[in-house]
Amino acid sequence: MGTRLRNRSGPSPGQDTDNEDDVVPPILYAVQYFDSAGKMINTRTSPTPIDLDQTSPSSTTTKKKPILEIRTRVTAPSSSTKSTRAPPATSSPPLPAPAADDAFSDMDYCGDDYDNRPRGAPGHPSRAEMVIHSPHLCAALSAVVGYYGGFTAAAEGITVEAPYQVLFHHREELRAYKDAQPAAHDAAYAATTVEHVDVLLGFLEGEFAERLEGEKARWENPGGGMATYENFWMLLRPGGVVYKEKEGEWRAYVVSDVRENDPGGQGGKEGYVVGYWEIAYRKGSLRRRQRTTTVRPWNGERRVDELPVVPARFVPGGEQAMAERQIELGKQYWELAKQPAYREYDGLMTARDGRPTGNVTQMTGRVIVDCEGYERFRDGPESGLYPPRRNYPGNRRPSADTVPQTLPRCPCKACTKAQLPPIPGPFAAFDNLKPTKSPLPPNAALYLHVLTTTVPAFLLPQRTWGIIHLPGLAPVRPDLDAFRQLVLDPSIKLTVRALISKFTPSTPTVTPWPSDFIKSKGEGRIFLLHGPPGVGKTCTAECIAELTHRPLLALTSGDISTTPSALSVERSLSYFLALGERFGALVLLDEADVYLEARRTRDLHRNGLVSMFLRALEYYRGVLFLTTNRVEAFDSAFTSRIHVALRYRALRDADRARIWGLNIERLERESAGRVTVPEGTRRMVTEGEEVRGLRWNGREIRNALQTAVALAESMAEERGEGDKVVVGEGCVRAVVVMSRGFKEYLGRGKGKEGVVVGAEEEESDVDDVETPEFQKEVEVVMMRAREDDSDGEDGYES
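Under full-length UniProt numbering, think of the first position of the sequence shown as 1, with each following residue one higher.
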């Protein structure tokens with residue numbers, strides 16, 4: 001007669017207690033029944049798999065432990081929670097506590113003539129789980145399983161949920177462990193371990209042999225590895241490397257865990273949740289950054305390299321080639337994390353100011369890669385110099401798990417007593433490395449392999465922070481000819497070069513202005529460049545930056561502040577000057593007269609703004625360039641802060657001719673012969689009165705040449721000759737006509753002294769300029785340009 005499932009602390013009255021010689025199957029199958037409240041009401045057992053639809057199962061009654069127990073939990077629906085069986089006549093009396101080493105001391109298994117399964121609607125079977133009772137097998141698993149999310153080593157009673165991922169992934173390690181057990185194991189212990197490991201391997205063989213054979217055939221598909229959803233987890237072993245494509249770049253990660261998303265616990269398919277991590281800079285150290293992604297179910301087969309995560313062996317381009325590439329990028333990141341670095345960049349930007357941009361944008365220009373500075377300054381002037389911001393809720397990521405620092409070992413008494421020295425594991429010293437102080441970990445190849453391939457940088461053209469990709473970085477190639485080609489008074493060039501040469505760094509890395517550069521205050525270098533527009537003031541600062549190999553932080557009044565608040569201006573100015581000191585950059589403030597205009601008795605706000613600006617400049621340690629074309633408006637107190645004041649005179653015809661020549665020379669050189677400027681066009685722009693009469697400044701000359709080139713390119717494309725562009729006289733003449741009309745319009749507007757032009761007057765002026773006669777003149781010039789271009793005329797008479 002069967003017995004009820006109940007707690008056992010000792011023998012019940014009238015029960016046979018001599019069961020020590022009972023035969024226990026190596027693998028015991030059990031089905032546990034629970035009511036809807038979670039209370040267990042029955043258990044069925046068998047040495048063979050149990051058919052859940054069978055109403056009269058055979059059961060085994062024993063107190064001995066099997067090696068493995070395969071349990072399935074069945075929960076009755078809420079409408080069938082009430083059992084129809086009769087209650088027992090008497091309850092069991094209190095019993096003594098069970099022996100501590102008896103794994104089954106807390107329950108009996110029911111007999112074969114007693115079925116306590118609830119009647120009515122069938123139950124809901126949950127996923128099966130394996131309970132490993134064998135201490136030998138538990139010790140073997142603990143000795144071979146190192147890093148595996150969700151697995152916890154134990155002396156006995158290890159539970160593994162189907163489909164037994166950790167066991168499947170360590171089949172070969174268990175097979176090798178049988179013949180390479182620790183020397184501390186005696187012969188009897190080793191033999192029992194071999195026997196129990198063989199039982200587990202036999203179970204796994206029966207469970208996976210057929211599935212694995214079919215899946216391997218898919219993996220080896222000549223047209224590209226394929227996989228089924230049900231067995232994709234076989235390729236995702238925790239501790240292994242996977243790749244994920246993001247913004248067109250493959251990034252490497254280490255798998256931490258894989259679980260099937262089954263919130264109801266009823267075997268529902270909602271996708272694999274794959275946990276993985278990479279290593280990135282955070283709070284002064286390189287730390288593991290945990291992420292998760294969901295692999296949605298699919299029917300049939302799919303290419304592995306098209307899935308959200310791609311195991312290393314299936315990554316496009318080949319596993320070895322991709323690993324070598326990622327390691328090289330990792331070496332680059334390791335060096336960049338040590339200190340700010342000045343680089344050229346051409347690639348994608350995935351975030352700005354620490355916030356997602358919403359879309360991926362292309363960025364080309366020079367940047368300062370600075371991991372530490374990004375965390376301090378990324379919020380801009382409002383908080384870059386103050387306590388760090390709080391994290392946005394959307395930025396929160398799952399916390400990283402714990403990786404073992406040593407290889408796993410057998411936890412049996414004999415091995416523990418032997419006190420063998422620990423052996424570093426593959427992830428030893430992976431956490432919290434300081435790149436400026438710490439050496440690379442022992443497994444440097446894997447560490448460099450999974451360093452992130454995105455890095456924070458200050459984008460000099462935009463004067464903001466962003467996240468960029470390592471493959472787009474390149475060393476800065478300074479234009480050493482820029483200063484030589486600068487059209488400037490020779491005495492000014494000589495003075496500037498002599499004063500700035502001492503600031504050229506001896507190494508190609510970013511060199512901050514030294515802390516002893518200023519003993520107290522007033523030791524910085526402030527250059528004032530003043531003169532009419534377009535004579536080379538801004539270009540001078542740009543050329544000096546090229547000459548000294550230092551970054552140029554070019555600011556406008558809009559960068560400093562768009563509001564008249566003195567506090568806002570002070571924060572912005574302090575923010576950018578702090579960046580200039582950190583990067584060792586030359587700071588250029590264009591149109592500085594906006595903030596340095598002379599103070600007035602009745603304008604307290606203006607006075608406070610100027611005083612604040614003067615105080616900030618007083619303590620700046622670095623090189624600062626100020627440009628203005630209204631130096632007479634400067635406050636008199638500022639003159640004592642200026643170290644070098646350089647006056648730029650208006651351009652002469654000879655200066656303009658040289659600027660034209662240099663621009664044309666650069667155009668032809670950088671276009672590699674695609675764009676040419678005939679001799680006749682050269683004489684026209686350097687000697688012709690219609691061009692000279694416009695008295696263009698340097699900036700206007702550059703813009704005019706660019707416009708003429710654009711017209712020539714359009715004409716070449718019309719002829720189907722886009723690979724050969726000739727900038728003829730007609731293209732320049734068209735630009736001259738348009739520029740002359742615009743200047744005449746501006747001249748008439750300035751002639752109305754003391755009159756504020758209203759909307760109607762302004763509109764009438766535009767109509768006066770864009771008259772039919774003017775439009776006709778432009779059309780005639782463009783027609784002549786096309787005719788000249790098609791005839792190949794190259795002559796010009798001055």
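Beta carbons are placed, not taken as given, at the ideal position from N, Cα and C, and that holds for glycine.
Keep in mind it's a predicted model, so treat the numbers as computed, not measured.
Counting C-beta pairs closer than 8 Å gives three or more between the segment 361–376 and the segment 457–465, which meets the contact rule.
Remark: fewer than three beta-carbon pairs, one from each stretch, lie closer than 8 Å, so the segment 312–323 and the segment 552–571 are not flagged as touching.
A check of alpha carbon separations from alanine 341 across Leu470, Asp379 and Pro222 identifies Leu470 as the nearest.
The beta carbon of glutamate 319 is closer than 8 Å to those of Ala312 and Arg313 in its chain, skipping five residues each way along the sequence. A distance of 9 Å or more separates the beta carbons of valine 496 and arginine 658. Here the segment 530–540 makes no contact with the segment 323–343; the two share fewer than three CB pairs at distances below 8 Å. Straight-line measurement puts the Cα of tyrosine 374 at about 19 Å from the Cα of glycine 472. Three or more Cβ pairs closer than 8 Å define a contact, and the segment 160–168 meets that threshold against the segment 196–211.
Secondary structure at alanine 180: coil, using DSSP grouped into helix, strand and coil. Listed in chain order, the beta strand (DSSP E) runs fully inside the segment 214–267 are 226–228, 241–246 and 249–260, counting runs of at least 3 residues. As summarised for the segment 681–713, the continuous alpha helix (DSSP H) elements at least 4 residues long and confined to that stretch are 689–692, given in chain order. Non-local C-beta neighbours of valine 273 in its own chain, meaning closer than 7 Å and more than five positions away in sequence, comprise Arg259, Asn261, Thr292 and Thr294, ordered along the chain.
Contact between the segment 422–431 and the segment 188–199 is absent: fewer than three C-beta pairs spanning the two stretches fall below 8 Å. Taking the Cα positions, arginine 302 is about 12 Å away from proline 308. Bridge pairing for aspartate 346: Thr364 [DSSP].
For arginine 303, the enclosing beta strand (DSSP E) covers residues 301–303. The segment 434–446 and the segment 214–225 do not touch, with fewer than 3 CB-CB distances between them shorter than 8 Å. DSSP lists Ala280 as the beta-bridge partner residues of arginine 287. Look at glutamine 165 here: in three-state DSSP terms it is helix.
Taking C-beta atoms as the reference points, alanine 153 and tyrosine 177 fail to come closer than 9 Å.
In the three-state reduction of the DSSP assignment, arginine 525 falls in the strand class. In the structure shown, arginine 674 falls within a coil segment according to DSSP collapsed to helix, strand and coil.
Annotation: the continuous alpha helix (DSSP H) that includes proline 490 extends over 490–500. By the CB criterion at 9 Å, cysteine 412 and histidine 170 fall outside the cutoff.
Pairing arginine 682 with isoleucine 701 gives a Cβ-Cβ distance that is not under 9 Å.
Residue pairing for isoleucine 70: DSSP places it in a beta bridge opposite Tyr29 and Met130. One alpha carbon belongs to glycine 157, the other to tyrosine 33, and they sit about 20 Å apart. If you compare the alpha carbons of Ser491, Arg288 and Lys64 with that of aspartate 431, the shortest gap goes to Arg288.
Counting along the chain, the unbroken beta strand (DSSP E) around valine 623 starts and ends at 623–628.
Assignment of arginine 44 by DSSP, reduced to helix, strand and coil, places it in the strand class. From the listed residues Leu174, Lys743 and Val726, the smallest Cα separation to serine 671 is found for Val726.
Taking a contact as a CB-CB distance under 8 Å, the pair glycine 534 and glycine 673 does not count as one, their CB atoms being some 29 Å apart.
Per the DSSP secondary-structure output, tryptophan 465 pairs in a beta bridge with Phe458.
With contacts defined by Cβ atoms closer than 9 Å, leucine 596 and valine 610 form a contacting pair. In this structure, glycine 580 lies away from glycine 531, with their beta-carbon atoms at least 9 Å apart.
Under the three-state reduction of DSSP output, histidine 170 falls in the coil class, being neither helix nor strand.
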